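Step one of this worksheet: look at the structure below.
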Amino acid sequence: MAPQAQIARRFEPSVGESSFACDVIAGLTARPKRLPPKYFYDEAGSQLFEQITELPEYYPTRCELAILSEHGADMGRLLPSDTALVEFGSGSTRKARILLAAAPAITAYVPIDISSEMLANEAAALWRDHPQLAVLPVEADFTRPFRLPPPVAAQPRAGFFPGSTIGNFEPHEASAFLRHAARMLGRGAILIIGVDLIKDVGVLNAAYDDAAGVTAKFNLNLLARINRELEADFDLDTFSHQAFYNTERRRIEMHLASRKRQNVRICGRVFDFRAGETIHTENSYKYAIESFGALARGSGWTPRAVWTDEKGYFSVHALAVADH
Ligand code: TRP
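Okay, here's the thing in structure tokens:
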């Protein structure tokens with residue numbers, strides 16, 4: 000018992016350490032080692048992610064934009080007039096803009112994001128371009144309960160969750176998120192949600208391991224960020240990006256693999272890595288149209304419609320809150 004207690008003590012973050020520090024220490028203490036993907040998106044990471052969306056290999060963004068452009072009007076026809084569109088984790092408003100232009104039923108837009116600066120800037124820019132639209136940003140973690148702005152409570156509501164971000168959750172978390180979204184949006188609500196589809200493994204692998212190495216840089220930026228913010232000494236040249244489709248679990252896994260046996264200092268603590276040992280940084284689950292429909296049905300929603308791009312790479316589903 001004693002040695003174990005000592006180890007536990009050694010890794011217990013001291014008072015005053017940020018939640019970033021706590022999460023990093025907890026993740027690298029776990030076996031297998033892991034890091035929470037939400038920390039990818041600092042300034043540098045967000046810029047790298049923008050670059051990923053333009054890569055020739057990264058099809059999801061292009062496919063989803065094409066689906067929204069081509070079928071946005073059909074999506075809009077599922078919405079009652081005077082609908083408030085609530086976007087979960089809005090980031091840029093690029094995709095919402097397509098829907099807003101195609102769906103005159105939408106008269107209010109509620110972007111929800113934790114990044115207050117991006118939220119305020121994007122909301123202001125959108126309102127400038129759509130002065131007749133009520134733009135009501137909410138600064139919140141969209142996976143937690145939040146309060147909708149009062150005017151929206153009296154309107155029909157539609158949720159918007161593009162980008163296949165649902166795929167970054169474990170299936171049980173995806174189900175919990177769908178239940179949470181149903182609760183937040185309430186009776187009669189519609190959810191428009193982007194879901195990446197199972198496809199040729201070569202296409203999947205290339206999308207997360209591009210030739211130009213941008214996704215590698217994005218993944219490694221997590222270590223660079225830990226160096227910048229937590230007084231760590233990761234040598235980035237000794238870690239490599241690994242991304243591969245796990246057929247059995249129907250997910251892309253992203254890892255950072257240590258090229259050699261080494262120690263790394265973070266916040267005054269020492270973490271050791273075996274040669275080849277990996278830090279698991281993200282999953283991106285892929286679904287078949289039917290399997291996502293089943294997940295939705297089991298999570299308080301009824302599938303209403305689904306659209307795909309011409310290659311059948313990506314899907315956008317319209318779900319309706321189930322009556323009971
Ligand atoms: N949710 C998207 C996806 O899984 C976007 C994304 C999240 C992503 N993390 C990523 C893309 C890391 C590339 C690399 O595809």
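Going by numbering that gives the first Met the number 0, the sequence shown opens with residue 0, and the numbers climb by one from there.
Ideal Cβ positions, reconstructed from N, Cα and C, are used throughout, including at glycine.
Note that the structure is predicted; figures quoted are calculated from it, not measured.
- Between Thr82 and Ala101, the C-beta gap is not smaller than 9 Å, which leaves the two residues out of contact.
- Counted as a single uninterrupted DSSP element, the stretch harbouring Pro103 is not any beta strand (DSSP E), since DSSP gives it neither H nor E.
- Using a cutoff of 8 Å, the CB of Tyr244 does not count as near ligand 1, since none of the ligand's heavy atoms is closer than that.
- With a threshold of 8 Å, the Cβ atom of Glu281 counts as near ligand 1, since some heavy atom of the ligand is closer than that.
- The criterion of a C-beta distance shorter than 9 Å is not satisfied by Gly88 and Phe145.
- In the three-state DSSP reduction, Pro161 falls in the coil class, being neither helix nor strand.
- Residue pairing by DSSP puts Arg268 in a beta bridge opposite Ile265.
- CA-to-CA, the gap between Leu190 and Ala133 works out to about 19 Å.
- Boundaries of the alpha helix (DSSP H) around Leu64: Tyr58 to Arg76.
- Cα atoms of Asp208 and Asp322: separation of roughly 42 Å, rounded to the nearest angstrom.
- Under the Cβ criterion (8 Å, minimum of three pairs), the region 268-282 counts as touching the region 251-260.
- Checking the 8 Å criterion, the Cβ of Asn220 is out of range of every heavy atom belonging to ligand 1.
- Secondary structure at Lys32: strand, using DSSP grouped into helix, strand and coil.
- Taking every protein chain shown into account, the CB of Gly158 has 16 or more other CB atoms within 10 angstroms, so this residue is buried.
- Counting only runs of 4 or more residues that sit fully inside the region 175-215, the alpha helix (DSSP H) segments are 200-206, in chain order.
- The nearest non-hydrogen atom of ligand 1 is 8 Å or more from the C-beta of Thr142.
- At least one heavy atom of ligand 1 sits closer than 8 Å to the Cβ of Asn167.
- The C-beta separation of Leu67 from Lys37 comes to about 25 Å, leaving the pair out of contact by the 8 Å criterion.
- For Ile251, the shortest separation between its Cβ and any heavy atom of ligand 1 lies below 8 Å.
- Here Asp308 has Cys62, Ala65 and Ile66 as same chain residues with Cβ atoms under 6 Å from its own Cβ, once five neighbours each way along the sequence are excluded.
- Ala180 counts as buried, since no fewer than 16 other beta carbons sit within 10 angstroms of its beta carbon.
- Nearest Cα to Ala119 within the set Ser290, Pro130, Ala223 and Glu138: Glu138.
- Straight across, the Cα-Cα distance linking Arg127 with Thr280 is about 38 Å.
- Here Gly299 is near Arg178, since their CB atoms are less than 9 Å apart.
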